[in-house]
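4 protein chains.
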Amino acid sequence: MANVQEKKQVKRQALLDAAYDLFLERGMTKTSIGDIASRANVAKGTFYLYFSDKDAILRALLGRISQKILEEACSAAEALGEVPFADKILAVADYLIEYLRRETLVLRLVQRNLEWPSATGLEGADEPLHLVRRVIEFGKGCPEVEGRSEKEIYYRITALVSMCVSMCYSCIIEKRPDTIDNMKPVLYDIIRRSL
Amino acid sequence: MANVQEKKQVKRQALLDAAYDLFLERGMTKTSIGDIASRANVAKGTFYLYFSDKDAILRALLGRISQKILEEACSAAEALGEVPFADKILAVADYLIEYLRRETLVLRLVQRNLEWPSATGLEGADEPLHLVRRVIEFGKGCPEVEGRSEKEIYYRITALVSMCVSMCYSCIIEKRPDTIDNMKPVLYDIIRRSL
Amino acid sequence: MANVQEKKQVKRQALLDAAYDLFLERGMTKTSIGDIASRANVAKGTFYLYFSDKDAILRALLGRISQKILEEACSAAEALGEVPFADKILAVADYLIEYLRRETLVLRLVQRNLEWPSATGLEGADEPLHLVRRVIEFGKGCPEVEGRSEKEIYYRITALVSMCVSMCYSCIIEKRPDTIDNMKPVLYDIIRRSL
Amino acid sequence: MANVQEKKQVKRQALLDAAYDLFLERGMTKTSIGDIASRANVAKGTFYLYFSDKDAILRALLGRISQKILEEACSAAEALGEVPFADKILAVADYLIEYLRRETLVLRLVQRNLEWPSATGLEGADEPLHLVRRVIEFGKGCPEVEGRSEKEIYYRITALVSMCVSMCYSCIIEKRPDTIDNMKPVLYDIIRRSL
DNA sequence: TATGAATGAGTATTCATTCAT
DNA sequence: GATGAATGAATACTCATTCAT
Chain C
1 MANVQEKKQV KRQALLDAAY DLFLERGMTK TSIGDIASRA NVAKGTFYLY FSDKDAILRA
61 LLGRISQKIL EEACSAAEAL GEVPFADKIL AVADYLIEYL RRETLVLRLV QRNLEWPSAT
121 GLEGADEPLH LVRRVIEFGK GCPEVEGRSE KEIYYRITAL VSMCVSMCYS CIIEKRPDTI
181 DNMKPVLYDI IRRSL
Chain Y
1 MANVQEKKQV KRQALLDAAY DLFLERGMTK TSIGDIASRA NVAKGTFYLY FSDKDAILRA
61 LLGRISQKIL EEACSAAEAL GEVPFADKIL AVADYLIEYL RRETLVLRLV QRNLEWPSAT
121 GLEGADEPLH LVRRVIEFGK GCPEVEGRSE KEIYYRITAL VSMCVSMCYS CIIEKRPDTI
181 DNMKPVLYDI IRRSL
Chain H
1 MANVQEKKQV KRQALLDAAY DLFLERGMTK TSIGDIASRA NVAKGTFYLY FSDKDAILRA
61 LLGRISQKIL EEACSAAEAL GEVPFADKIL AVADYLIEYL RRETLVLRLV QRNLEWPSAT
121 GLEGADEPLH LVRRVIEFGK GCPEVEGRSE KEIYYRITAL VSMCVSMCYS CIIEKRPDTI
181 DNMKPVLYDI IRRSL
Chain X
1 MANVQEKKQV KRQALLDAAY DLFLERGMTK TSIGDIASRA NVAKGTFYLY FSDKDAILRA
61 LLGRISQKIL EEACSAAEAL GEVPFADKIL AVADYLIEYL RRETLVLRLV QRNLEWPSAT
121 GLEGADEPLH LVRRVIEFGK GCPEVEGRSE KEIYYRITAL VSMCVSMCYS CIIEKRPDTI
181 DNMKPVLYDI IRRSL
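Protein chains in written order, with the working numbering: chain C, 1 to 195; chain Y, 1 to 195; chain H, 1 to 195; chain X, 1 to 195.
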């Protein structure tokens, strides 16, 4: 029998998984805390031992989802090996866009709110925030970004990623102003020019 | 006594105004349909003659707000007279950002969803969609955009505006990753380079 | 152009038809007066010029339906020509049961409340109530009913018809206690014996 | 402090009792779920832990009422001791009719829908359904019913009881076509002949 | 007669949250 | 820690009915 702390983690996990499934299936508002609890096979009261309310579990979820997608996107970019900085970022953007196009339900949940993990203590932080650092690593050795601070690079990528996610939502969910395929060349040109 | 149709328009107007005020004051969820109706001085049932539910009136509202802000932004850009294309767009972006910084409550309502009026029939539409057309006009006679289609210009501006709004929300409301003032140089550099 | 009285009848008719359709489709409670009016292509206020409320139109409708079915049932019995009294009544019952089995929606609307047109002034009424009189006619010349008053005959048939309708509802709608086919022999035996 | 399950039964009971009283007093439609809950001294939400809606509690109620009346009617018949089958059934019918005449409010609630408890597993069921079985018992040893199956006897009685209840509703509530006293001889003659 | 915009009382239903066990 | 029965506040929405035109 596992120790108590592990059992708690298992339950927290089960709640998060249940919420993820239900939020995707029916959306946030049509999912009640009771639904989440019963799908996770715990009592309704137990939910409150782990999360203060529905928003809290949503936030936890959005963080996870964002992190997961962005990590996969980084890995895809890293797999390219030694290529120019812009190509790396384009790979990240492309992975992201394709992911969101494929997983429409996720896009519907996340909406325009994909978020980077908080990057407090960016420069000289003892404990490196892996995701952010991996992205900044892309710029290392590229002449065109040499003059910029890490912060600037990070902000620039943040803005461009925001743009991509926002346009995914517009094009894929709201079908405006066009398909994501027709929007892509514009987005990629913007990215390429602005790096 | 005014014509019936006019009276209906007045009532619709009153409902929209009431909803706008209340959504800004207390937020969407803390505003009930009853609140909206009574602030508009109509019966609760009357609300449903004009809007099917709270979301419907929100959508109508978002359209209006977006249009108003973007029109003001265009006017600000037009006031610059004969300047390069990029400067025009920067003026639009700056107006937008300053507006949202000032009107935090509006930003909180709109979130990342500022939207262009639908641009159906962009090229060669009989009846010009003023807002979109005004923006495209900015590009006329500028050598750097001569080769591009109207559609491409419109999409490019759409994406850049989306980026600005999205970053306003992150920086001003979520206070992440930095202040909007620190983010501005990055955004403006991206805009300038990508035009 | 028809005269005013005729036009009013046409509208009344249209309302009854609309109500009939809607009551069958969605049931009484799920049909609003607004629904009836709009299906009849008249304004909501117009409904009240013809019927005082939903119950009033339902009652008018139930009367019509009952009358129509019972008249058809009588005709079916009359078509048998010279046969014993019991056979006539059995024919009525059988027509009725088969009709209700076929038109489940009608049965669902009428429930157990099929009703004879009111038989006020049964004996020696100036203006013969056709339906009731036709039924009583069945007994003329049959030795087994010679000794009974018209009233008694009418009441007896009323009770037996009630029984049949009630059992149709139980068997067909509530599926209790058995199918109507299995119930029929019992019902017909009761009818035959009690005449 | 009583066991949890017992407390739940008590609450269910209280809700049924409250609904019974209120439905009789004001009728079904004029009774709100809030009324039922507050008369039962529970919160409105608690109602929904026990019944899905007003119809559900009505159905539960009709079952109970039917059972109670029919059981009393059976007891009245059993009290006659050794008498012919038809006399037993007449006693049941008479008890029923007198009950409904006396308790007009109950009749108004039940309308024509008095129902036997479901008789699944009629022949050879391990666990005897007391009410149905008691009625069938009446036929034992009576030469005139010896040849019939239990099912047939049960169906016959069901049909006759339906007839009586339906005519009670017509005569007592709708006052049509005559008083129940004038209808009784016809009903009893039908019953006597058909057994 | 006919209309249909306006009314607003009336009610079902949901659900986050608590707390005794 | 875990449960799930109980709560009751909170609200959306319907619809019969009226009445000015």
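Even glycine gets a Cβ: it sits at the ideal position worked out from N, Cα and C.
1) Using alpha carbons as the reference points, say which of H:V92, H:K151, H:C171, H:A43 lies closest to V186 (chain X).
2) For I190 (chain X), go through chain H and note every residue whose CB falls closer than 8 Å to its CB, in chain order.
3) How close, in whole Å, do the beta carbons of L100 (chain X) and V106 (chain X) come, if the pair is a contact with beta carbons under 8 Å?
4) Considering only residues of the same chain and omitting the five flanking positions on each side of C74 (chain Y), which have a CB-CB separation below 8 Å?
5) So which residues on chain H does D178 (chain X) lean against when the C-beta distance must stay under 9 Å?
6) Taking the beta carbon of K88 (chain X) as the centre, do at least 16 other beta carbons fall within 10 Å, making it buried, or is it exposed?
7) Between the C-alpha atoms of S66 (chain X) and L49 (chain X), what's the straight-line distance to the nearest angstrom?
8) So, helix, strand or coil for D196 (chain H), using DSSP?
9) Are any of the Cβ atoms in chain C nearer than 8 Å to that of M28 (chain Y)?
10) Please report the Cβ distance between L195 (chain X) and E144 (chain X), rounded to the nearest whole angstrom; I am assuming they are in contact, meaning their Cβ atoms lie under 8 Å.
11) Among X:L24, X:K7, X:V110, X:G147, whose alpha-carbon lies nearest the alpha-carbon of G63 (chain X)?
12) What number of angstroms, rounded off, separates the C-alpha of D126 (chain C) from the C-alpha of S170 (chain Y)?
13) In whole angstroms, give me the CA-to-CA distance for I153 (chain C) and P84 (chain C).
14) State yes or no: is the beta carbon of V92 (chain H) nearer than 8 Å to at least one beta carbon in chain X?
15) With distance defined between alpha-carbon atoms, name the residue in Y:V161, Y:A86, Y:T31 nearest to G141 (chain Y).
16) Would you report the Cα separation of R112 (chain C) and S52 (chain C), rounded to the nearest angstrom?
17) Does the Cβ of L160 (chain X) have 16 or more other Cβ atoms within 10 Å, making it buried, or fewer, making it exposed?
18) Closer than 8 Å, CB to CB, is L187 (chain C) near chain Y or not?
19) Could you name the residues of the same chain whose beta carbon sits closer than 6 Å to that of G34 (chain C), not counting the 5 residues immediately before and after it, in chain order?
20) Please state the DSSP three-state secondary structure of A19 (chain H).
21) Just to confirm, are A37 (chain C) and F47 (chain C) a CB contact at a threshold of 8 Å?
22) Could you tell me the distance, in whole angstroms, from the CA atom of T29 (chain C) to the CA atom of A18 (chain C)?
23) Beta-carbon of G81 (chain C) versus every beta-carbon of chain Y: anything under 8 Å?
24) Going along chain H, which residues have a C-beta under 7 Å from R64 (chain X)?
25) Quick one: Cα of A14 (chain X) to Cα of K54 (chain X), how far?
26) Compute the beta-carbon to beta-carbon distance between L90 (chain Y) and V165 (chain Y), rounded to the nearest angstrom, for a pair I have assumed lies under 8 Å.
27) Within the continuous alpha helix (DSSP H) that includes V83 (chain C), where are the two ends?
28) Do I173 (chain X) and R102 (chain X) count as a contact pair if the criterion is CB distance below 8 Å?
29) Please report how far the alpha carbon of Y95 (chain H) lies from the alpha carbon of G27 (chain C), in whole angstroms.
30) Which full runs of the alpha helix (DSSP H) of 4+ residues lie inside the segment 4-87 of chain Y, going along the chain?
31) Between L52 (chain X) and chain H, is the shortest Cβ-Cβ distance under 8 Å, so that the two count as touching?
32) Please report the straight-line C-alpha distance between F138 (chain C) and T31 (chain Y), rounded to a whole angstrom.
33) For T158 (chain X), count neighbouring Cβ atoms within 10 angstroms of its own Cβ and tell me buried if that reaches 16, exposed if not.
34) Got a sec, what are the start and stop residues for the alpha helix (DSSP H) L109 (chain Y) sits in?
According to the structure shown:
1) To locate residue 186 (chain X), count along the fourth sequence from 1; it is residue 186. When only C-alpha atoms are compared, the closest one is H:K151.
2) For the purposes of this step, residue 190 (chain X) is taken as residue 190 along the fourth sequence, with counting starting at 1. Within 8 Å Cβ-Cβ: R156, A159, L160, I190, S194.
3) On the fourth sequence, residue 100 (chain X) is found 100 positions in, with the first residue counted as 1. On the fourth sequence, residue 106 (chain X) is found 106 positions in, with the first residue counted as 1. 7 Å between Cβ atoms; contact.
4) Reading the second sequence from its first residue, position 74 is the one you call residue 74 (chain Y). Excluding positions up to five away in sequence, the list reads V92, L131, R134, V135.
5) One-based indexing of the fourth sequence puts residue 178 (chain X) at position 178. Here the neighbours are K151, Y155.
6) As a first step, residue 88 (chain X) must be located in the fourth sequence, where it is residue number 88. K88 (chain X) comes out buried.
7) Walking along the fourth sequence from the start, residue 66 (chain X) turns up at place 66. Walking along the fourth sequence from the start, residue 49 (chain X) turns up at place 49. Roughly 25 Å between the two C-alpha positions.
8) Look at the range of chain H in this structure, 1 to 195, and you will see that residue 196 (chain H) is not part of it.
9) Start at 1 with the first residue of the second sequence, and residue 28 (chain Y) comes out as number 28. Output row for M28 (chain Y): interface = no.
10) Counting from 1 along the fourth sequence, the entry for residue 195 (chain X) is found at position 195. Counting from 1 along the fourth sequence, the entry for residue 144 (chain X) is found at position 144. That pair is a contact at about 7 Å.
11) Position 63 of the fourth sequence holds residue 63 (chain X). Checked all of X:L24, X:K7, X:V110, X:G147; the closest Cα to G63 (chain X) is X:V110.
12) Position 126 of the first sequence, counted from the start, is the residue given in the question as residue 126 (chain C). Position 170 of the second sequence, counted from the start, is the residue given in the question as residue 170 (chain Y). In this prediction, D126 (chain C) scores a pLDDT of 48, lower than 50, which makes its location untrustworthy; the coordinate-derived value is nonetheless stated afterwards. D126 (chain C) and S170 (chain Y): Cα-Cα distance of roughly 25 Å.
13) Residue numbering aside, residue 153 (chain C) sits at position 153 when the first sequence is read from its first letter. Residue numbering aside, residue 84 (chain C) sits at position 84 when the first sequence is read from its first letter. One C-alpha to the other measures close to 14 Å.
14) Locating residue 92 (chain H) in the third sequence gives position 92, where the first residue counts as 1. Not closer than 8 Å to any Cβ of chain X, the Cβ of V92 (chain H) fails to qualify, so no.
15) For this step, residue 141 (chain Y) is matched to residue 141 along the second sequence. Of the candidates Y:V161, Y:A86, Y:T31, the one whose C-alpha sits nearest the C-alpha of G141 (chain Y) is Y:A86.
16) Residue 112 (chain C) sits at position 112 when you count from the first residue of the first sequence. Residue 52 (chain C) sits at position 52 when you count from the first residue of the first sequence. Distance between the alpha carbons of R112 (chain C) and S52 (chain C): 24 Å.
17) Taking the first residue of the fourth sequence as position 1, residue 160 (chain X) is located at position 160. Buried, since its Cβ has 16 or more Cβ neighbours within 10 Å.
18) The count along the first sequence starts at 1 and reaches residue 187 (chain C) at position 187. Answer yes: the Cβ-Cβ gap between L187 (chain C) and chain Y drops below 8 Å somewhere.
19) The residue given as residue 34 (chain C) occupies position 34 in the first sequence. Around G34 (chain C): K44.
20) Reading the third sequence from its first residue, position 19 is the one you call residue 19 (chain H). Of the three classes helix, strand and coil, the one that applies to A19 (chain H) here is helix, per DSSP.
21) Counting from 1 along the first sequence, the entry for residue 37 (chain C) is found at position 37. Counting from 1 along the first sequence, the entry for residue 47 (chain C) is found at position 47. Yes, the pair counts as a contact, with Cβ atoms nearer than the cut-off.
22) Within the first sequence, the letter at position 29 stands for residue 29 (chain C). Within the first sequence, the letter at position 18 stands for residue 18 (chain C). For T29 (chain C) and A18 (chain C), the distance between alpha carbons rounds to 15 Å.
23) One-based indexing of the first sequence puts residue 81 (chain C) at position 81. For G81 (chain C), the answer is no, since every Cβ of chain Y falls outside 8 Å of its Cβ.
24) The residue labelled residue 64 (chain X) in the question sits at position 64 within the fourth sequence. The contacting residues do not exist; R64 (chain X) stays about 17 Å from chain H at best.
25) As a working mapping, residue 14 (chain X) is identified with position 14 in the fourth sequence. As a working mapping, residue 54 (chain X) is identified with position 54 in the fourth sequence. Roughly 15 Å between the two C-alpha positions.
26) Here residue 90 (chain Y) refers to the residue found at position 90 when the second sequence is read from its first residue. Here residue 165 (chain Y) refers to the residue found at position 165 when the second sequence is read from its first residue. Not confirmed; about 15 Å, so no contact.
27) Against the first sequence, residue 83 (chain C) aligns to sequence position 83. Note, V83 (chain C): premise wrong, no alpha helix (DSSP H); not H, not E.
28) In the fourth sequence, counting from the first residue as 1, residue 102 (chain X) sits at position 102. In the fourth sequence, counting from the first residue as 1, residue 173 (chain X) sits at position 173. No, these two residues do not count as a Cβ contact at 8 Å.
29) If you number the third sequence from 1, residue 95 (chain H) lands on position 95. If you number the first sequence from 1, residue 27 (chain C) lands on position 27. Going from the Cα of Y95 (chain H) to the Cα of G27 (chain C) covers about 53 Å.
30) 4-26, 33-39, 44-50, 54-78
31) Residue 52 (chain X) sits at position 52 when you count from the first residue of the fourth sequence. In the sequence as presented, Leu is not what sits at residue 52 (chain X); that position holds Ser. Chain H, which has no Cβ nearer than 8 Å to the Cβ of S52 (chain X), makes this no.
32) Residue numbering aside, residue 138 (chain C) sits at position 138 when the first sequence is read from its first letter. Residue numbering aside, residue 31 (chain Y) sits at position 31 when the second sequence is read from its first letter. Cα to Cα, the separation comes out at about 47 Å.
33) Counting from one through the fourth sequence, the residue named residue 158 (chain X) turns up at place 158. T158 (chain X) comes out buried.
34) Within the second sequence, the letter at position 109 stands for residue 109 (chain Y). It spans 104-110 - the alpha helix (DSSP H) in which L109 (chain Y) sits, taken as one unbroken run.
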